[in-house]
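Participant:
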Amino acid sequence: MCAGADQIIKSMKIACLECFSPGNSEADALATAIYLARSGLDVSIIGTDNESNSAATKVLLLDEVVNVDLLSSVPADQFFSEENLSQLQLSLKLFDYIYVTGKIFSLINEKVRSSLLSELKELRAVGAKVVFDCNHSAASWSDEELAANTYTEILKITDISLPNFLEESVLFGDKDVGELIARHHGLGVQEIALKNGTKPNWLSTKPEKPPKEFPIENIEQPLDEGGAGNAFNAAYIATRLSGKTYCGSIKQGQILAAQVVLNSGAILPK
Numbered sequence: 004m005c006a007g008a009d010q011i012i013k014s015m016k017i018a019c020l021e022c023f024s025p026g027n028s029e030a031d032a033l034a035t036a037i038y039l040a041r042s043g044l045d046v047s048i049i050g051t052d053n054e055s056n057s058a059a060t061k062v063l064l065l066d067e068v069v070n071v072d073l074l075s076s077v078p079a080d081q082f083f084s085e086e087n088l089s090q091l092q093l094s095l096k097l098f099d100y101i102y103v104t105g106k107i108f109s110l111i112n113e114k115v116r117s118s119l120l121s122e123l124k125e126l127r128a129v130g131a132k133v134v135f136d137c138n139h140s141a142a143s144w145s146d147e148e149l150a151a152n153t154y155t156e157i158l159k160i161t162d163i164s165l166p167n168f169l170e171e172s173v174l175f176g177d178k179d180v181g182e183l184i185a186r187h188h189g190l191g192v193q194e195i196a197l198k199n200g201t202k203p204n205w206l207s208t209k210p211e212k213p214p215k216e217f218p219i220e221n222i223e224q225p226l227d228e229g230g231a232g233n234a235f236n237a238a239y240i241a242t243r244l245s246g247k248t249y250c251g252s253i254k255q256g257q258i259l260a261a262q263v264v265l266n267s268g269a270i271l272p273k
């Protein structure tokens, strides 16, 4: 599994779809975008920010060399609507990888969710790769069944999934890591790099073969575990896009996540 990874060109463009919650400056894809940019990749944040916070966010991202040309202060339902996405289509087609989390889908209405899913399908049809982490938060959804159904539809068009077993097992009833991985493969996902809190990471790229386990080092006094998953995602993706093996990518994800949990805050100082 580790020796047979595809060689991927590092210069590819990555779009991280983001949406800040109303009245909340937290954003899950922001930290991932920053770590991707620090690795030297061409990264853009595409989505919406609170109007009151937008200027500060753009200053932060520009300082990290993250493109913000498509970061808007309009409401999420407007930005991701069918009408606006049709205007953004030419820009979106310039990206080779689209990184998306479940958070955006919890903040937009049913019609807009459908439009965004359709756009992702079209982008994938013309060659883009979709990378997905549900990053599930029960508090963000009015209906757990709706959340599960939405994630399932996204997974059907996902190339690389970065699930968290602790989140998805509760939502989908997965009894163990193997069951979650089988569910993702069954929906068409080819590459799965799984997080499981302080327990080992798992990697699967071939549904007919057993997944590979990657133990992690014990950290006795973590300061802040909130950003570990986003950091893992970024390091895994960045290492994959540099042409390294799947196994090397998992290990780099573990290293960055371990550094982040020893830091106060999701973003390490430069």
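Position in the sequence shown (first residue = 1) + 3 = my numbering. Even glycine gets a Cβ: it sits at the ideal position worked out from N, Cα and C.
Would you mind giving the Cβ-Cβ distance between I37 and V69, rounded to the nearest angstrom? I have them listed as a contact below 8 Å.
Facilitator: 6 Å
Participant: Within the continuous beta strand (DSSP E) that includes I195, where are the two ends?
Facilitator: 194–197
Participant: Looking at the structure shown, is I101 part of a helix, part of a strand, or coil, going by DSSP?
Facilitator: strand
Participant: Quick one: Cα of R41 to Cα of G246, how far?
Facilitator: Going from the Cα of R41 to the Cα of G246 covers about 17 Å.
Participant: Mind checking Q257: buried by the 16 CB within 10 Å criterion, or exposed?
Facilitator: Within 10 angstroms of the beta-carbon of Q257 lie 16 or more other beta-carbons, which makes it buried.
Participant: Tell me where the beta strand (DSSP E) around V133 begins and ends.
Facilitator: Taken as a continuous stretch (DSSP letters only), the beta strand (DSSP E) holding V133 covers 132–136.
Participant: Pull up the CB-CB distance for E211 and D162, whole angstroms please, since I reckon it's below 8 Å.
Facilitator: That belief does not hold up - the Cβ atoms of E211 and D162 are roughly 18 Å apart, past 8 Å.
Participant: If you run the structure through DSSP and keep just helix, strand and coil, what is K215?
Facilitator: Correct three-state label for K215: strand.
Participant: Answer yes or no: do L244 and L44 have a C-beta to C-beta separation smaller than 9 Å?
Facilitator: yes
Participant: If we define contact as Cβ-Cβ less than 9 Å, is W144 a contact residue for chain D?
Facilitator: Among the chains in the structure shown there is no chain D, since it carries only a single protein chain.
Participant: Helix, strand or coil, according to DSSP, for K254 in the structure here?
Facilitator: It is helical.
Participant: Taking DSSP as the reference, what is the three-state secondary structure of A128?
Facilitator: helix
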